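A.B. asks: Quick one: the structure is below, and I'll ask about it shortly.
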Amino acid sequence: MSDEARVPLLAMRGITMRFGAVEALVDVDLEVHAHEVVALVGDNGAGKSTLAKMISGVLQPDAGIIEIDGEPVTVPTPQAAAALGVATVFQDLALCENLDVTSNLFLGRELRSRWVRDDGQMEEVARRILRSLSSRIPSVRSPLSTLSKGQRQSVAIARTLIGSPRIVVLDEPTAALSVVQTAEVLTHIEQLRNLGLAVVLISHNMTDVRAVADRIEVLRHGRNNGSLDVATSSYEEVIAAITGAPTEPRPAQHAPLRSSTTAWPA
Amino acid sequence: MSRRAGATAGSQSSLRLANRSLVVDTVKQYGGLTQVELAAATGLSAATVSTIVRELLAAGVVDIATTTRSGRRAQMVTLARRVGLAVGVQVGHRHLRIVLGDFTHEVIAEQSLPLPHEHRVDTTLDRVALLVIDLLEQMGSTLEDVVGLGIGLPAPVDTATGTISVQDIMRGWEDVHVGRIMSERLGRPVYVDNDANLGALAESTLGASADRVDSVFVRASYGTGAGIVLNRSLHRGFAGTAGEIGHLQLDPQGAICRCGSRGCLDTVVGATALIDALRSAYGSLTLRDVISRANDGDRGCAQVISDAGATIGAVIASLAVAVNPQCVVVGGELAETGELLLAPLREAVNRRLLPNRVAPMEVVLGALGTRAEALGAMLLALQSTDVPLDELDRDASAPGVLR
């Protein structure tokens, strides 16, 4: 692919992480450019979430380099990740049921004018962000408990946009959503891409992944097992890479099976 | 806290009018919401909302129903439906769009969903069915209220059977009776047609060619197609392939098209061709990227779109010579670039067309944008329903029929 000349916004090289005898990740590479949605797929326990947690500062790799804008960085804490422009939506969303939409968006990052919380300003920003995602949440004052699952996911995604991040990590954003809600979340992801952000999308749903991603990075047993361009690869090829099934060799998109450390041509 | 109403200053009555249309627009945007949510979404006071809702209810514009929110009784406000609903579905190459409307052609709900490249017929039709049901539920309606569904596909369709009539244009979809599958699944009549035909139907009913007798709608998208309206009715041809200009031969030495022929228009101006032309300079782009970059003033992307406009124009000129329409309406995703596409297209048409001094043919942009095809599908369902309005209730339980 011809975007080698561009410096990736996020690059992870040779990432290795062991929990005792469990090899969570072995020599994994990942590159994400601005204005790109990269899907991270793989079976349960393939290492997707572990990798995501490293981007967002929750876990630190045993070995390997993380680069942002070509500069090596360390991401020791989630705060450090936020300072580097990384925002993450975890599977459990981490929202407060009893607070309204605005308070959830700004939780821990409330705007102040002089000494007091500037509620008017926060509502203004909340409304603008929800609109930029073409979200259908009727009121920024609705308590979270009154929103549907899909609307909560919208709030969680909107929350990442507070503080103008450059990289957004979404862990299973469409799991257990209805089709209308999935439609809205997928539209949000398209909007994030249009805003020029780099998006790392973790999902089990191949239809959703192939609908919005530009590239699919397959992890298998903690190792890279394929990098597939969505526009040219088939559903079967993705599934084959996930399960380790043999496929007909296709130039530049196929590597030998059982390759323990093969980095796929990016 | 008036945040949005402040935009329209003026007399009491104009303020009231503005507030009223704000409330209607908000209900339309969300499908249905409670009066409390309505107050928050519009920025109007609860009392104002309550007054306006009462006026709108009396005028028959909205319906209200009692529901609960956080354990309290609440008034759910929805747009009033006149008689029955129709669903319009556009299955595109990378998007699905659904509109829900009534006999006044008013759209009361809509939703779009990104689709994968080469999406599967079973998954996509399943998502269509679930989306329709979800959307109806959001509006507080059921399938019982639906008089019919129109579905647009990006391939020539045999409307009698609701199947794609040409092989290899949409892989995996050829042998599927889309109409029958969907009408069995949803229990309502389903009408299937080509997307460019539906765009033509919508533009000639509600849009840019509404007052024209003969018109051509060109859909410049992932592929190119045209819908032909003659004497105010859609001309589909014997097997539904009329207007398939994407497969007219442009270059006898060109690349092999997926239809099996050589050098079709689609091999020159289809999404793959446009993206490939940019690949060496820009890397991998999507068609949406090309369009938005062209609109942002990127010269390379604009160039590709303008050249496509000129190429499509040359083909349209031939079609126009054969059909002699009063106007050509240009729609589809590429038309989102406006004059970038249209100016060279118009010029190419005019250069080749027989100059007619009595009534020169116009080349205009579609008025309905990317919704044209889904609206056309909705119109097709409405127009195919000739149930007398008072018999609707009695007929609601009739088994789904494929016309």
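For the record, the sequence lines run as chains A and B. Numbers 1 to 266, taken from the working numbering, label the letters of the first sequence in order. Numbers 1001 to 1403, taken from the working numbering, label the letters of the second sequence in order. Think of the CB as a built atom: it goes at the ideal place given N, C-alpha and C, for glycine as much as any other residue. Here the structure is a predicted model, which means the values were calculated and not measured.
1) To test your reading of the DSSP string, which unbroken beta strand (DSSP E) runs of 3 or more residues are found completely within the region 1266–1351 of chain B?
2) Helix or strand or just coil, what does DSSP make of V1077 (chain B)?
3) Is the CB of P165 (chain A) under 8 Å away from at least one CB in chain B?
4) Of all Cβ atoms in chain B, is any one closer than 8 Å to the Cβ of S142 (chain A)?
5) Starting from T207 (chain A), find everything on chain B with Cβ-Cβ shorter than 7 Å and list it in chain order.
6) So G1150 (chain B) and A1377 (chain B) are in contact, right, with Cβ under 8 Å, and what is the actual spacing, rounded?
7) Could you round the C-beta distance between R223 (chain A) and D27 (chain A) to whole angstroms and report it? I think they count as a contact, below 8 Å.
8) Could you spell out where the alpha helix (DSSP H) holding V1178 (chain B) opens and where it closes?
9) Should D1122 (chain B) go down as buried or exposed, given a rule of 16 or more other Cβ atoms within 10 Å for buried?
10) Quick one: what's got a C-beta closer than 7 Å to R1421 (chain B)'s C-beta in the same chain, skipping five residues either side?
11) For L1265 (chain B), which option in B:Y1282, B:I1312, B:L1230 has the closest C-alpha, if you only look at C-alpha atoms?
12) Can you list, in chain order, the residues of its chain whose CB lies under 8 Å from that of H1095 (chain B), leaving out five sequence neighbours each side?
13) Exposed or buried, what is L1079 (chain B) when buried is set at 16 or more other beta-carbons lying within 10 Å of its beta-carbon?
14) Can you list the alpha helix (DSSP H) stretches of 4 or more residues lying completely in the region 1032–1118 of chain B, in chain order?
15) Rounded to whole angstroms, what's the CA-CA distance from L10 (chain A) to T1267 (chain B)? Just pull it up for me.
16) Going along the chain, which unbroken runs of the beta strand (DSSP E) with 3 or more residues stay wholly within the region 39–102 of chain A?
17) So, for G47 (chain A): in the same chain, excluding its five sequence neighbours on each side, which residues have a beta-carbon less than 6 Å away from its beta-carbon?
18) Listed from N- to C-terminal order along the chain, which residues in the region 1132–1151 of chain B have their beta-carbon within a distance smaller than 8 Å of any beta-carbon of chain A?
19) Below 7 Å between beta carbons is the criterion; list the residues of the region 1045–1072 of chain B that meet it against any residue of chain A, in chain order.
20) Verify the CB distance criterion: does I1256 (chain B) have a CB-CB separation below 8 Å to chain A?
21) Name the two residues that bound the continuous beta strand (DSSP E) containing I202 (chain A).
22) Helix, strand or coil: how does DSSP classify I1030 (chain B) here?
23) Identify the continuous beta strand (DSSP E) that holds R1258 (chain B) and give its terminal residues.
24) Given T1286 (chain B), which residues of its chain have a CB within under 6 Å of its CB, disregarding the five upstream and five downstream residues?
25) Could you give the DSSP three-state label for H221 (chain A): helix, strand or coil?
26) Could you tell me whether the Cβ of A1041 (chain B) comes closer than 8 Å to any Cβ of chain A?
27) From A:I202, A:E237, A:L93, A:A126, pick the residue whose C-alpha is nearest to that of R109 (chain A); which is it?
28) Going by beta carbon distance, what residues of the same chain come within less than 6 Å of I1256 (chain B), once the five residues before and after it are set aside?
29) Taking Cβ-Cβ distances below 8 Å as the criterion, which residues of the region 142–158 of chain A are in contact with chain B?
30) The alpha helix (DSSP H) with M1378 (chain B) in it runs from where to where?
31) Run through chain A and tell me which residues come within less than 8 Å of E1037 (chain B), C-beta to C-beta.
32) Taking 8 Å as the threshold, find out whether the region 50–59 of chain A comes into contact with the region 75–93 of chain A through three or more Cβ pairs.
33) If you draw a straight line from the C-alpha of V1089 (chain B) to the C-alpha of T1124 (chain B), how long is it?
34) Let me know if Q1012 (chain B) comes out buried or exposed under the rule of 16 or more other beta-carbons within 10 Å of its beta-carbon.
35) Tell me, please, whether the CB atom of Q1383 (chain B) is closer than 8 Å to any CB atom in chain A?
36) Is the beta carbon of V1166 (chain B) less than 8 Å from the beta carbon of T1272 (chain B)?
C.D. replies: For this structure:
1) 1327–1331
2) Taking the second sequence and counting its residues from 1, one reaches residue 1077 (chain B) at position 77. V1077 (chain B) falls in the strand class under three-state DSSP.
3) As a working mapping, residue 165 (chain A) is identified with position 165 in the first sequence. So no, P165 (chain A) is outside the interface.
4) Translated into positions along the first sequence, residue 142 (chain A) becomes position 142. By this cut-off, S142 (chain A) is an interface position.
5) By one-based count along the first sequence, residue 207 (chain A) stands at place 207. Under the 7 Å cutoff, chain B gives P1116, T1123.
6) In the second sequence, counting from the first residue as 1, residue 1150 (chain B) sits at position 150. In the second sequence, counting from the first residue as 1, residue 1377 (chain B) sits at position 377. That pair is a contact at about 3 Å.
7) Counted from its first residue, the first sequence places residue 223 (chain A) at position 223. Counted from its first residue, the first sequence places residue 27 (chain A) at position 27. Right, their Cβ atoms sit about 7 Å apart.
8) Within the second sequence, the letter at position 178 stands for residue 1178 (chain B). It spans 1178–1186 - the alpha helix (DSSP H) in which V1178 (chain B) sits, taken as one unbroken run.
9) If you number the second sequence from 1, residue 1122 (chain B) lands on position 122. Flag for D1122 (chain B) reads exposed.
10) The displayed coordinates of chain B run from 1001 to 1403. Any statement about residue 1421 (chain B) would go beyond what the structure contains.
11) Along the second sequence, one-based indexing puts residue 1265 (chain B) at 265. For the residues B:Y1282, B:I1312, B:L1230, the minimum Cα distance to L1265 (chain B) belongs to B:I1312.
12) Taking the second sequence and counting its residues from 1, the one referred to as residue 1095 (chain B) is at position 95. Cβ within range, chain order: S1112, L1113, P1114, L1115.
13) Taking the first residue of the second sequence as position 1, residue 1079 (chain B) is located at position 79. When all chains shown are included, L1079 (chain B) counts as buried.
14) 1035–1042, 1046–1058
15) On the first sequence, residue 10 (chain A) is found 10 positions in, with the first residue counted as 1. On the second sequence, residue 1267 (chain B) is found 267 positions in, with the first residue counted as 1. Looking at the two C-alpha atoms, the distance is approximately 36 Å.
16) 63–68, 71–73, 86–89
17) Start at 1 with the first residue of the first sequence, and residue 47 (chain A) comes out as number 47. The answer, listed in chain order, is A24, L25, L219, G222.
18) D1134, L1135, Q1138
19) R1069, S1070
20) Your numbering for residue 1256 (chain B) matches position 256 in the second sequence. Answer no: the Cβ-Cβ gap between I1256 (chain B) and chain A never drops below 8 Å.
21) To locate residue 202 (chain A), count along the first sequence from 1; it is residue 202. 198–202 is the span of the beta strand (DSSP E), which, as asked, contains I202 (chain A).
22) Numbered from 1 along the second sequence, position 30 holds the residue referred to as residue 1030 (chain B). Residue identity differs from the one stated: residue 1030 (chain B) is Tyr in this sequence, not Ile. Of the three classes helix, strand and coil, the one that applies to Y1030 (chain B) here is helix, per DSSP.
23) Here residue 1258 (chain B) corresponds to residue number 258 of the second sequence, with the count starting at 1. Run containing R1258 (chain B): none; DSSP gives neither H nor E here.
24) On the second sequence, residue 1286 (chain B) is found 286 positions in, with the first residue counted as 1. Nothing listed; no residue qualifies.
25) The residue given as residue 221 (chain A) occupies position 221 in the first sequence. Looking at H221 (chain A) - three-state DSSP - the assignment turns out to be coil, as it is neither helix nor strand.
26) As a first step, residue 1041 (chain B) must be located in the second sequence, where it is residue number 41. Yes, A1041 (chain B) lies at the interface with chain A (some Cβ there is under 8 Å from its Cβ).
27) Walking along the first sequence from the start, residue 109 (chain A) turns up at place 109. It is A:A126 whose Cα lies nearest to the Cα of R109 (chain A).
28) Position 256 of the second sequence, counting from 1, holds the residue named residue 1256 (chain B). Cβ neighbours of I1256 (chain B) beyond the five flanking positions: R1262.
29) S142, P143, S145, T146
30) Here residue 1378 (chain B) corresponds to residue number 378 of the second sequence, with the count starting at 1. From DSSP, the alpha helix (DSSP H) with M1378 (chain B) extends over 1372–1384.
31) Position 37 of the second sequence, counting from 1, holds the residue named residue 1037 (chain B). Ordered by position in chain A, the residues that pass the 8 Å Cβ test against E1037 (chain B) are P138, S139, S142.
32) yes
33) Position 89 of the second sequence, counted from the start, is the residue given in the question as residue 1089 (chain B). Position 124 of the second sequence, counted from the start, is the residue given in the question as residue 1124 (chain B). Looking at the two C-alpha atoms, the distance is approximately 11 Å.
34) The count along the second sequence starts at 1 and reaches residue 1012 (chain B) at position 12. Exposed.
35) The residue you call residue 1383 (chain B) lines up with position 383 of the second sequence. Q1383 (chain B) does not count as touching chain A.
36) What you label residue 1166 (chain B) is simply residue 166 of the second sequence in a count that begins at 1. What you label residue 1272 (chain B) is simply residue 272 of the second sequence in a count that begins at 1. Cβ atoms of V1166 (chain B) and T1272 (chain B): not closer than 8 Å.
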